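Under my numbering, the residues of the sequence shown are numbered 8 to 606, in order.
All residues carry an ideal CB built from backbone N, CA and C; glycine is no exception.
None of the values given here were measured: they were computed from a predicted structure.
To start, the structure itself, in structure tokens.
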Amino acid sequence: MPPARKDAKKERPLRGKRLAKAQEAEASKLAAGVDGLTVEDRTDGATADHSESGRMATGVLVSEKRARDIKIQGFSLSLFSKPLVEDTILELNYGQRYGLIGMNGCGKSTLLQCIAAREVPIPETTDVYLLKEEAQPSELSALEWVVDEARREVARLEGLADHITTEEGPEAEALLDIYDALDGLDPTTFESRASRILIGLGFDSKSIHKATKDMSGGWRMRVALSRALFIQPTLLLLDEPTNHLDLEACVWLEDYLSTYKKILVVISHSQDFLNGVCTNMMVMQERQLRYWGGNYDAYVATRTEQDTNQLKMYKKQQEEIAHTKAFIASCGTYSNLIRQGKSRQKQLDKMVEAGLIQQPYEEPSFRFTFPDCGKLPPPVISFVDVAFSYSGKREDYLFRNLRFGIDCDSRIALVGPNGAGKSTLLKLIVGEIQACEGTISRRSGVSLGRYHQHSADQLDFDKSPVEYLTDKFKDKYPALQWQDWRSKVGTYGIVGDAQLQPIRNLSDGLKTRLVFAEIALTNPHILLLDEPTNHASMEMIDSLAEACKQFEGGLIVISHDFRLLTKVADEIWVVDKGVTRWQDDIFAYKAKLKRQLGL
């Protein structure tokens, strides 16, 4: 034990004695998990069946109960009886930042929920936080909400320290990490540190004092994320944390998480974000968890090299097997060759018994396209001296004197801070809201294909994907039969049983794919995409990027995914107190944001 830590522990009073009696009942729930979930002490082995969630998990903790690292063998997880992972190893090492990747629907979010609910034997001294829902609407301001939750975390840690001291004595090793966490929280600096995090995620000196009940869901999610970053749990689980952030906040969050000192597991579709944050990649594939050192680019390079070598060895072994079988077959009944044939057969049997080299695994891929729409003469959409504010007052104008045209050759990325008017501009284009001044013209017959962050919520969740598209487009495509519609759905990567399940049972990623299938069937001339990658896998983003590149119509996209913008955008428009054209590429814009943030 390092002397400094040992001395610090001796000097610290028993903090649990300062707890009020009203807190003691809560503190006695020693295994309190995320947001007050009680946890059974299942640290030697566990089988958890949560019928309400549909999850069932098994696993045995093989690391020390008080160790910082977590290793669970024989880990299996199923959802509604569908196996997601089987007899694999779940290993999370202190100080490592894991990027969790895999195909849409493979169970990434379910895995995080399983860990957060402690359905596998997570040690009781390991505090776990899963960012899964936004801050609740209340009279508390963003700053008060974060600080209030931090005070609760202090009370929880003090209660846990009090219990361990009672059960194991004041020299217990587990107390060191708890005391370190309490020192890190330090109530005297609550407000200043919470303010820095909130401002980094896009709040300003006024909005941090705004009541959460007056915020949109996206801003309340930022408050919840701020809380997670502020309390710095031992095991932090983030499921697409950038979904509600603009590019500036994404850049700040990437920098912040890149120095997270405990255990981080993050699901993200952004390769650029994973490269900046992660030290390891965790891949859900073939019902297994596989681990790779390095960030996303290092994973791709290493795996590509390994797969290339494995494929060479596989082909060489298959050629050897084919040659051996041909020789055995040629031996026939010739007495002088029978012995050689039997010898070769024994060699072949030993090779099979030892295990043959398998072909490298390839994720099932899909490619979709947006149908040819036929080009309309420019301008398809034109803005002439347009001004707008939601209040209608000139002093509140988001835009003034906007003058531009959009045609079937346009490839535009809209960037800028949240609240500056990016989504508002798309609403003006489709006619959802009307300009206060000026004229917005749309060419007769133009079809607009619009994706926004709530598009999936507008699906009929009681229908299957096939039923949904059939009912919606049967009049437009009367010749298509049931199998034709199944084929349409399959084109967008919704395959097998997922085609016939109620949409409510699909993962968010598969719902996103269904939305794009619906958009494509409308034959749009202009695509308006507002954060289309929020629930998309790497594969889906690649497919979307390729479809946009091949699309013969126009495109306007809002996204925090730098890689997608690099692939599809020819122009970058900065929406911030108006609209201006950025004269460089998207990575130059990212570099500018870093400079502004002092990173």
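In angstroms, rounded to a whole number, what distance separates the CA positions of residue i and residue j?
i: ALA188; j: LYS601; result: 29 angstroms
i: GLU140; j: ARG200; result: 22 angstroms
i: ARG608; j: LEU432; result: Not covered by the structure: residue 608. The range shown for the chain is 8 to 606.
i: GLU546; j: THR95; result: 24 angstroms
i: VAL496; j: SER471; result: 10 angstroms
i: GLN239; j: ILE270; result: 10 angstroms
i: PHE523; j: ILE335; result: 55 angstroms
i: HIS459; j: ARG310; result: 34 angstroms
i: TYR596; j: ARG62; result: 43 angstroms
i: LYS556; j: LEU535; result: 14 angstroms
i: ALA552; j: ASP577; result: 13 angstroms
i: LEU272; j: GLY301; result: Checking the sequence, you will find Val at residue 272 rather than Leu. Taking the straight line from one Cα to the other gives about 14 angstroms.
i: LYS217; j: LEU182; result: 37 angstroms
i: TYR499; j: ILE526; result: 11 angstroms
i: ASN408; j: ALA442; result: 11 angstroms
i: TYR475; j: ILE122; result: 34 angstroms
i: TYR404; j: GLY428; result: 10 angstroms
i: SER233; j: LEU137; result: 12 angstroms
i: VAL258; j: GLY503; result: 38 angstroms
i: ALA34; j: GLU156; result: With a pLDDT of 36 at ALA34, under the threshold of 50, the modelled position of that residue is not reliable, and the figure given next carries that caveat. Answer to the nearest angstrom: the Cα atoms are 15 angstroms apart.
i: SER609; j: VAL307; result: Examination of residue 609 is not possible in this model, given that the chain is present from 8 through 606 alone.
i: ALA361; j: ASP314; result: 20 angstroms
i: GLY81; j: PRO130; result: 17 angstroms
i: ARG457; j: PRO539; result: 10 angstroms
i: LEU243; j: LEU119; result: 10 angstroms
Report buried or exposed for residue i, applying the criterion of at least 16 other Cβ atoms within 10 angstroms of its Cβ.
i: VAL92; result: buried
i: VAL575; result: buried
i: THR65; result: buried
i: LYS481; result: exposed
i: VAL41; result: Residue placement at VAL41 cannot be trusted, given a pLDDT of 35 that sits under 50; what the coordinates show is reported in the next sentence. By the neighbour-count rule (16 or more Cβ atoms within 10 Å), VAL41 is buried.
i: ILE440; result: exposed
i: PHE594; result: exposed
i: SER494; result: exposed
i: GLU255; result: buried
i: LEU435; result: buried
i: VAL359; result: exposed
i: ASP48; result: Note that ASP48 scores 35 on pLDDT, short of 50, meaning its location in the model is unreliable; the coordinates nonetheless yield the value given after this. Exposed, because fewer than 16 other Cβ atoms sit within 10 Å of the Cβ of ASP48.
i: SER451; result: exposed
i: ILE345; result: exposed
i: TYR303; result: buried
i: GLY605; result: exposed
i: GLY438; result: exposed
Contact check, residue i vs residue j under 8 angstroms by CB: the rounded distance?
i: PRO385; j: SER454; result: Their Cβ separation, rounded to whole angstroms, is 16 angstroms, which puts PRO385 and SER454 out of contact at 8 angstroms.
i: ASP379; j: GLY561; result: Not really, about 14 angstroms apart at Cβ, beyond 8 angstroms.
i: LEU318; j: PRO367; result: 5 angstroms
i: PHE444; j: VAL387; result: Residue identity differs from the one stated: residue 444 is Glu in this sequence, not Phe. Actually they do not touch by this definition, with Cβ atoms about 22 angstroms apart.
i: ASN287; j: ASN541; result: Not really, about 24 angstroms apart at Cβ, beyond 8 angstroms.
i: ASP469; j: PRO509; result: 6 angstroms
i: TYR101; j: ARG75; result: 4 angstroms
i: LEU84; j: THR117; result: 7 angstroms
i: ASN425; j: ASP253; result: 4 angstroms
i: THR376; j: GLN354; result: Actually they are not in contact, since the Cβ atoms of THR376 and GLN354 sit about 50 angstroms apart, beyond 8 angstroms.
i: ILE79; j: LEU97; result: 4 angstroms
i: PHE411; j: PHE395; result: At roughly 14 angstroms, the Cβ-Cβ gap does not stay under 8 angstroms, so PHE411 and PHE395 are not in contact.
i: TRP580; j: ILE419; result: 6 angstroms
Starting from residue i, follow the alpha helix (DSSP H) in both directions and report where the run begins and ends.
i: PRO472; result: 472-480
i: GLN325; result: 303-338
i: SER389; result: Here SER389 belongs to no alpha helix (DSSP H); instead the beta strand (DSSP E) covers 388-395.
i: ASP403; result: Where ASP403 is concerned, there is no enclosing alpha helix (DSSP H), given that its DSSP letter is neither H nor E.
i: THR172; result: 149-175
i: LEU572; result: 569-575
i: GLY520; result: The sequence given here places Arg at residue 520; Gly does not occur at that position. 515-528 is the extent of the alpha helix (DSSP H) around ARG520.
Hey, could you find the ends of the beta strand (DSSP E) residue i is sitting in?
i: GLY283; result: That residue, GLY283, is in no beta strand (DSSP E); its alpha helix (DSSP H) goes 278-284.
i: LYS584; result: Note, LYS584: premise wrong, no beta strand (DSSP E); not H, not E.
i: VAL135; result: 135-138
i: ARG104; result: 104-108
i: ARG418; result: 418-422
i: MET608; result: Since the first and last residues shown for the chain are 8 and 606, residue 608 lies out of range.
i: GLN557; result: Looking at the DSSP string, GLN557 is not in any beta strand (DSSP E); the run it does join, the alpha helix (DSSP H), is 545-557.
i: ASP537; result: 533-537
i: ALA124; result: Looking at the DSSP string, ALA124 is not in any beta strand (DSSP E), and its letter there is neither H nor E.
Spell out a yes or no on whether the segment 145-157 and the segment 218-233 are touching, meaning 3 or more CB-CB pairs, one atom from each, closer than 8 angstroms.
The segment 145-157 is in contact with the segment 218-233.
Hey, is the segment 175-193 in contact with the segment 211-225, meaning 3+ C-beta pairs nearer than 8 angstroms?
Pairwise C-beta distances place the segment 175-193 out of contact with the segment 211-225, as fewer than three of them are shorter than 8 angstroms.
Measuring CB atoms only, is the segment 276-295 touching the segment 119-128, in the sense that at least three cross pairs come out at less than 8 angstroms?
Short answer: they don't touch.
Evaluate the contact criterion for the segment 195-210 versus the segment 169-176: three or more CB pairs, one atom per stretch, below 8 angstroms.
Contact between the segment 195-210 and the segment 169-176 is absent, because fewer than three Cβ pairs lie under 8 angstroms.
Under 8 angstroms, with one C-beta from each stretch per pair, do the segment 158-168 and the segment 260-278 reach the 3-pair mark?
Taking 8 angstroms as the limit for Cβ pairs, the verdict is that the segment 260-278 does not touch the segment 158-168.
How about the segment 548-568 and the segment 585-594: do they share at least three Cβ pairs that are nearer than 8 angstroms?
No, they do not touch.
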